[in-house]
Amino acid sequence: MSEQEKDPSAVEQEPSPELVESSSESVEEVSADPLAELEVVKEALAATSKSLAEADMRAQAEIQNMRRRMEREVGNAHKFALEKFSADLLCVADNLERGLAALPTEDEHLRSAREGVELTLKALLDAFARHGIESVDPAGASFDPQLHEAMAMVPMPGAEANSVIEVLEKGYSLNGRLIRPARVVVAKNP
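At the far end of the sequence shown sits residue 263, using the numbering used here, and the numbering has no gaps.
Pasting the structure below:
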């Protein structure tokens, strides 16, 4: 017996032409579909990658905007933290000024009291200046509703209409923000 008869697997058989044709067609079908699918997946992946990159860019911009906004808010909080306290102290300055106006300048017995009130007022105004509080004294200026509160309008011959003729109470601002408008009397046409 020959070796081919003993081992059937050792026999090489020629594939039939029909089998070769059908298998080559199925290989083409299999190879064509995965390439198309791969291309579709590749395009989808590229689109997803692009949208993720755009979303990341938007998120980074939003984070940067939030950081800037928080820095601005913290800066304003530091800058205007004294606003209520300052507004409460304004009446102290007003009362010291009224007290000075009420004290006679000629009386020798009240000279030291007057000097004490003047020094106290000066110390308070210096503290205001150190903390960014400035007075708004519009005497003779044009009336500005953003800075002044008109308490009365009085006909005044010789005065320009809408000009401040008397300051009843000075206004104040803290770091450029008005904390109290000046209370004024405004001239009107007679």
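Glycine included, each C-beta is placed from N, C-alpha and C at the ideal position. The structure displayed is predicted, hence computed values, not measured ones.
For residue i, I'd like the list of residues in its chain whose CB is within less than 7 angstroms of its CB, leaving aside the five on either flank, ordered along the chain.
i, result
"His-152", "In the sequence on display, residue 152 carries Lys and not His. Around Lys-152: Asn-248."
"Ile-252", "Glu-156, Ser-159, Ala-160, Tyr-245 and Ser-246"
"Glu-242", "Asp-167, Ala-255 and Arg-256"
"Met-226", "Val-259 and Lys-261"
"Asn-138", "none"
"Val-165", "Leu-197"
Please name the residue in the options whose C-alpha comes closest to that of residue i.
i, options, result
"Ala-214", "Ala-120, Ala-186, Arg-256 and Thr-193", "Arg-256"
"Met-224", "Ile-206, Leu-198 and Val-259", "Val-259"
Indicate the three-state DSSP secondary structure (helix, strand or coil) for residue i in the structure shown.
i, result
"Gly-249", "coil"
"Glu-242", "strand"
"Met-143", "helix"
"Glu-181", "helix"
"Pro-230", "coil"
"His-204", "coil"
"Ala-260", "strand"
"Ala-214", "coil"
"Ala-223", "strand"
"Ala-255", "strand"
"Glu-101", "With a pLDDT of 48 at Glu-101, under the threshold of 50, the predicted position of this residue should be treated as unreliable, though the coordinate-derived value follows. Helix at Glu-101."
List the whole-angstrom C-beta distance separating residue i from residue j, where the pair is believed to meet the contact cut-off of C-beta under 8 angstroms.
i, j, result
"Val-209", "Leu-220", "6 angstroms"
"Leu-194", "Leu-173", "7 angstroms"
Less than 7 angstroms separating the beta-carbons of residue i and residue j?
i, j, result
"Leu-163", "Val-190", "no"
"Leu-176", "Arg-187", "yes"
"Ala-212", "Val-240", "yes"
Among the residues of its own chain, which have a CB less than 6 angstroms from the CB of residue i, if the five just before and after it don't count?
i, result
"Glu-222", "Pro-254 and Arg-256"
"Glu-135", "none"
Please return the same chain residues whose Cβ sits closer than 8 angstroms to the Cβ of residue i, not counting the five positions on each side in sequence.
i, result
"Pro-263", "Pro-228, Met-229 and Pro-230"
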